[in-house]
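Visitor: Residue numbers (our numbering): 552 to 1342. Idealized CB from N, CA, C, for every residue including glycine. I'd like to ask some things about the structure below.
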Ligand code: ATP
Ligand code: MG
């Protein structure tokens, strides 16, 4: 027995590292060490060690060379005890000789040549022996626990805190699962070293970030920096020697150093070329790996593979150093406070069950688990007192050795958690989870950017315009990477997914306020976090199962009581407007003003309604804006011919025409936070629009980037309304069909930035519901068109 096989445990007892067994005291340790299992593993280990010492790694022969041919050749130097070819008889073989002397004899020959091919022969790399226990079921195949099973288990717990701890235990990777992953990494490392000298394989992501679950994928980074240096050095050596006239030997040396590398220059080749090579090595030389596929067109190009025995899926990338570092950051967060892991597991599982994150079908704009985890970290930075420190604070705590800059980004934080003071915050898990949902259901995702560096939310307008230091790709959810500050981790999310995410946060928040969340049911009902995890579309949450809680999708506030919603979307705004918003603290008001003008344009010009502002507009001479919503620069007041109160009455100021503003109208109307219009609709402009469009031979050729929906131009829609009006013969405008008020509010700051427009009928009419239904989708789409027009 080697002493290093036994490790004393902090809580008493010992662990036998060789057998992966824990024992409570010294007598049982002695029994174990004398026992059958330990003795057997000792002898297996010593046998493997001696085999390794007698083994050679050989490559460079023709593809398809047989076991026998290799045996024949090496028998010239002694006994060939065993030959193991790589699985596809591809590129290498391991040869076990009779003893170490014979090995040395083989190695003393400077150049081996077989069937006209120069061979590369060297000692086989020695690797530490590790025992892999036999399993009934391969751990890689074990996926998420069945929801029924989970329900039964967790509902027995005494409180939510215990439920959350149990959830963690059910899902976290076991020691043997971690060992299996380590073994796969060392297997890959061993083979890759043969082809890419000095390379390193570094695992990152959920396999090692402390948030992994059974069967999660293995994200691996193949670090070729040292290999590149090795190759560059070898090449320059060849060149020097060529110059010195020893060309033959020098050439041979490079090839013998590395046959694969002679085909590629790592310094100049592109990612796809290197990944193809990685795929070849994986496919041909690594035993137990199959379904190898290089995916070089993805945002992050990778080589995918599956480890046959365990079913584990792996991805190898070559340009992902930052991910290795942010994985270490997550590890640090997990180690700083024991509440971090149960919280992250709960939120990740919730997001999976609600189909918000961890896209199982590949592709599609879902949140990824990394983004979800960062949201939990940010929330914990924002507790009072904070549970986790900000990234900037961590930087301050780091010492010289911890300094780390990757791709120009400062990724410094302490390597050791002991440098960080424990948090004085003592909130329980149940309360923290409820607060998480409260925090984000009141969060302005569209109007702010989550910054983990500072632990605060910045206005989006700090990130636009030429002066901003980091050019984030802004969207409905903005999470700045903690280190790569120009990267929005949820930049892939579209408007629809963003809305879905917020709706689920809202529902979860409401549920967490109920007694069903906080207290164990004494009637055997589903309670606590289990109900939070009910899968979307689950029939389990029908009222029959739970009469006291309505689990049906909560109607979005915006959709109740005839409210239209126009979300804040920077992408719809012109460069000019964005610049105007840059750094502005009242960007919401500026944007609201734009929305109001756009809505008014849609109602009046596109739909031919009459609108009178009754509340909420004012004149600001210092904020003169040029309106060109009609797209042609024509005067927008064409319809303003009468003053009967049926048409727009807000103050409009004409300025003398100059050559540059010839046909532009100057508006000075400024809408602030709330505005109400009295409106009248003269014709059934919502009926038969599609048919009318066809009749007018208008082509609908502009599918929306997010929804794929076809959105017509303002001009087309305007003409359609005019034609409907004419068809109905209501040009006289004697009596309106529907009269209603439009009341627009600016929302934002404590919730998502948006404009909500309440539509209220003044007189009861059966036409109103269908008219509102039409406005609900028409107005937001057309308002966006107006923003585009105003560029
Ligand atoms: P799982 O694989 O279980 O879904 P994970 O944490 O491994 O969870 P992946 O999506 O596989 O998540 O990402 C692996 C790692 O890649 C992350 O830990 C992170 O380091 C990096 N990563 C993933 N997505 C992003 C992203 N959008 N921006 C920056 N880094 C990312
Ligand atoms: Mg992963």
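Should residue 764 be counted as a contact of the ligand ATP given a C-beta to heavy atom distance under 8 angstroms?
Guide: Proximity of the beta carbon of residue 764 to the ligand ATP is indicated: a heavy atom of the ligand is located closer than 8 angstroms.
Visitor: Rounded to whole angstroms, what's the CA-CA distance from residue 1084 to residue 901? Just pull it up for me.
Guide: Using only the alpha carbons, I get a separation of about 5 angstroms.
Visitor: For residue 841, does the count of other Cβ atoms within 10 angstroms reach 16, so buried, or fall short, so exposed?
Guide: exposed
Visitor: Find out if the Cβ-Cβ distance for the pair residue 675, residue 737 is shorter than 9 angstroms.
Guide: no
Visitor: Run the proximity test for residue 768: is its beta-carbon closer than 8 angstroms to any non-hydrogen atom belonging to the ligand ATP?
Guide: Yes; taking the cut-off as 8 angstroms, the Cβ of residue 768 has a heavy atom of the ligand ATP nearer than that.
Visitor: Could you round the C-beta distance between residue 984 and residue 897 to whole angstroms and report it? I think they count as a contact, below 8 angstroms.
Guide: Yes, residue 984 and residue 897 are in contact; Cβ-Cβ is about 6 angstroms, under 8 angstroms.
Visitor: Looking at the structure shown, is residue 600 part of a helix, part of a strand, or coil, going by DSSP?
Guide: helix
Visitor: By Cβ distance, which residues of its chain are closer than 6 angstroms to residue 1237, with the 5 residues on each side in sequence left out?
Guide: 1322, 1325
Visitor: With respect to the beta strand (DSSP E) encompassing residue 496, which residues constitute its N-terminal and C-terminal limits?
Guide: No answer is possible for residue 496: the residues shown for the chain start at 552 and end at 1342.
Visitor: Answer yes if the segment 994-1005 comes into contact with the segment 926-940, meaning at least three C-beta pairs across the two stretches below 8 angstroms, and no otherwise.
Guide: yes
Visitor: Please classify residue 631: is it buried, with 16 or more other beta-carbons within 10 angstroms of its beta-carbon, or exposed?
Guide: buried
Visitor: What would DSSP say about residue 1289, mapped onto helix, strand or coil?
Guide: In the displayed model, residue 1289 falls within a strand according to three-state DSSP.
Visitor: So does residue 758 have its beta carbon nearer than 8 angstroms to some heavy atom of the ligand MG?
Guide: yes
Visitor: Quick check: the segment 944-955 against the segment 966-986, are there 3 or more CB pairs under 8 angstroms?
Guide: yes
Visitor: Under the criterion of a Cβ to heavy atom distance below 8 angstroms, does residue 676 qualify as lining the ligand ATP?
Guide: Not one heavy atom of the ligand ATP sits closer than 8 angstroms to the Cβ of residue 676.
Visitor: Within 10 Å of its beta-carbon, does residue 951 have 16 or more other beta-carbons around it, so buried, or fewer, so exposed?
Guide: exposed
Visitor: What would DSSP say about residue 663, mapped onto helix, strand or coil?
Guide: strand
Visitor: Just to confirm before moving on: does the CB-CB distance between residue 774 and residue 873 stay below 9 angstroms?
Guide: no
Visitor: Considering only their Cβ atoms, is the gap separating residue 1297 from residue 1225 smaller than 9 angstroms?
Guide: yes
Visitor: Is the segment 841-858 touching the segment 820-827, taking contact as three or more C-beta pairs under 8 angstroms?
Guide: yes
Visitor: Rounded to whole angstroms, what's the CA-CA distance from residue 614 to residue 903? Just pull it up for me.
Guide: 46 angstroms
Visitor: For residue 542, count the other beta carbons within 10 Å of its own beta carbon; 16 or more makes it buried, fewer makes it exposed. Which is it?
Guide: The chain is shown from 552 up to 1342; residue 542 falls before or after that span and cannot be answered.
Visitor: Does any heavy atom of the ligand ATP sit closer than 8 angstroms to the C-beta of residue 874?
Guide: In this structure, residue 874 has its beta carbon less than 8 angstroms from a heavy atom of the ligand ATP.
Visitor: Figure out for me which residue from 1115, 751, 1122 has the closest Cα to the Cα of residue 1147.
Guide: 1115
Visitor: Rank 1072, 1245, 1046 by C-alpha distance to the C-alpha of residue 1331 and give the top, closest one.
Guide: Nearest of 1072, 1245, 1046 to residue 1331, Cα basis: 1046.
Visitor: Quick one: what's got a C-beta closer than 6 angstroms to residue 1301's C-beta in the same chain, skipping five residues either side?
Guide: 993
Visitor: Using only the heavy atoms of the ligand MG, determine whether one of them is closer than 8 angstroms to the beta carbon of residue 871.
Guide: no
Visitor: To the nearest angstrom, how far is the alpha carbon of residue 1132 from that of residue 1310?
Guide: 28 angstroms
Visitor: Tell me whether residue 1244 sits in a helix, a strand or coil according to DSSP, three-state version.
Guide: helix
Visitor: Would you say residue 1230 and residue 1292 are within 9 angstroms of each other, going by their C-beta atoms?
Guide: yes
Visitor: So residue 996 packs on residue 1049, CB below 8 angstroms; how close in whole Å?
Guide: 7 angstroms
Visitor: Where does residue 729 sit, in a helix, a strand or coil, going by DSSP?
Guide: Note: residue 729 maps to helix in three-state DSSP.
Visitor: Pull up the CB-CB distance for residue 1119 and residue 998, whole angstroms please, since I reckon it's below 8 angstroms.
Guide: With 8 angstroms as the limit, residue 1119 and residue 998 qualify as a contact, their Cβ atoms being about 6 angstroms apart.
Visitor: Tell me whether the beta-carbon of residue 683 lies closer than 9 angstroms to the beta-carbon of residue 771.
Guide: no
Visitor: Per DSSP, what kind of secondary structure is residue 1231 in: helix, strand or coil?
Guide: Here DSSP, grouped into helix, strand and coil, assigns residue 1231 to strand.
Visitor: Within the present structure, is the beta-carbon of residue 920 separated from the nearest heavy atom of the ligand MG by less than 8 angstroms?
Guide: yes
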